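Undergrad: Take a look at this one; I'll ask things after.
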């Protein structure tokens, strides 16, 4: 076997192989780019759909939160016959804080302005309950606390719970 002939044949095969692969690549390079572009576009669309779903769920959770801390609903849920003022106050404050902690992660999916309003609503609700207790005699019952808070709510020009719900709904409409 002649080494020179072997090297010549091997060189011709290598050059031919490289030329064939190069020609093939240039012929299908556009198809490869289109495939990759479409694949990433579909992936991005799926990610956007998942994010939209999470954002809608966050808005839904906050609507439930607002409804649950609304004193009208809160006191109906917590009140039972003969409950003392201190027991109802403690139960209401515990419920508000617990609900807030349960929903604190929702701030990732809503606007910063909306989250600030929700947080302020929680703080105002706690302050309303505490202020109502301060204005009641020491021997008052839970029903007196409920009555005082609900009277305060009735005196407000605009219901802050309804306003916050409207803000959350506006945020939802901006998603579409």
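Residue numbers (the working numbering): 1178 to 1353. Virtual Cβ for every residue (Gly too), placed ideally from N, Cα, C. Computed from a predicted model, the values in this text were never measured in an experiment.
1) Pull up the distance between the alpha-carbon of residue 1343 and that of residue 1276, whole angstroms please.
2) Which same chain residues, not among the five before or five after residue 1264, have their C-beta less than 8 Å away from its C-beta?
3) Should residue 1279 be labelled buried (16 or more other beta-carbon atoms within 10 Å of its own) or exposed?
4) In the region 1262–1302, which residue ranges form an unbroken alpha helix (DSSP H) of at least 4 residues, counting only runs that do not cross its ends?
5) DSSP beta-bridge partners for residue 1318?
6) Quick one: is the Cβ of residue 1248 within less than 8 Å of any heavy atom of the ligand NAP?
7) In whole angstroms, give me the CA-to-CA distance for residue 1194 and residue 1180.
8) Buried or exposed: where does residue 1247 fall if 16 or more other Cβ atoms within 10 Å of its Cβ makes it buried?
9) Going by CA-CA distance only, name the one from 1283, 1282 and 1255 that's closest to residue 1270.
10) With 16 other CB atoms within 10 Å as the buried threshold, where does residue 1261 fall?
11) List in chain order: all unbroken beta strand (DSSP E) runs of 3+ residues lying wholly within the region 1232–1256.
TA: According to the structure data:
1) Counting from 1 along the chain shown, the entry for residue 1343 is found at position 166. Counting from 1 along the chain shown, the entry for residue 1276 is found at position 99. When rounded, the distance between both Cα atoms is 20 Å.
2) Sequence index remark: in the chain shown, residue 1264 carries index 87 (1-based). Only 1319 meet the Cβ criterion.
3) In the chain shown, the residue the question calls residue 1279 occupies position 102. When all chains shown are included, residue 1279 counts as exposed.
4) 1262–1280
5) Here residue 1318 refers to the residue found at position 141 of the chain shown. Partner(s): 1261.
6) Ligands in the displayed structure: none, and consequently the ligand NAP is not present.
7) Locating residue 1194 in the chain shown gives position 17, counting from the first residue. Locating residue 1180 in the chain shown gives position 3, counting from the first residue. Near 21 Å, if we compare the C-alpha coordinates of residue 1180 and residue 1194.
8) As a position in the chain shown, residue 1247 is number 70, starting the count at 1. Residue 1247 comes out buried.
9) As a working mapping, residue 1270 is identified with position 93 in the chain shown. The shortest C-alpha to C-alpha distance from residue 1270 to any of 1283, 1282 and 1255 is the one to 1255.
10) Looking up residue 1261 in the chain shown gives position 84. Burial call: exposed.
11) none
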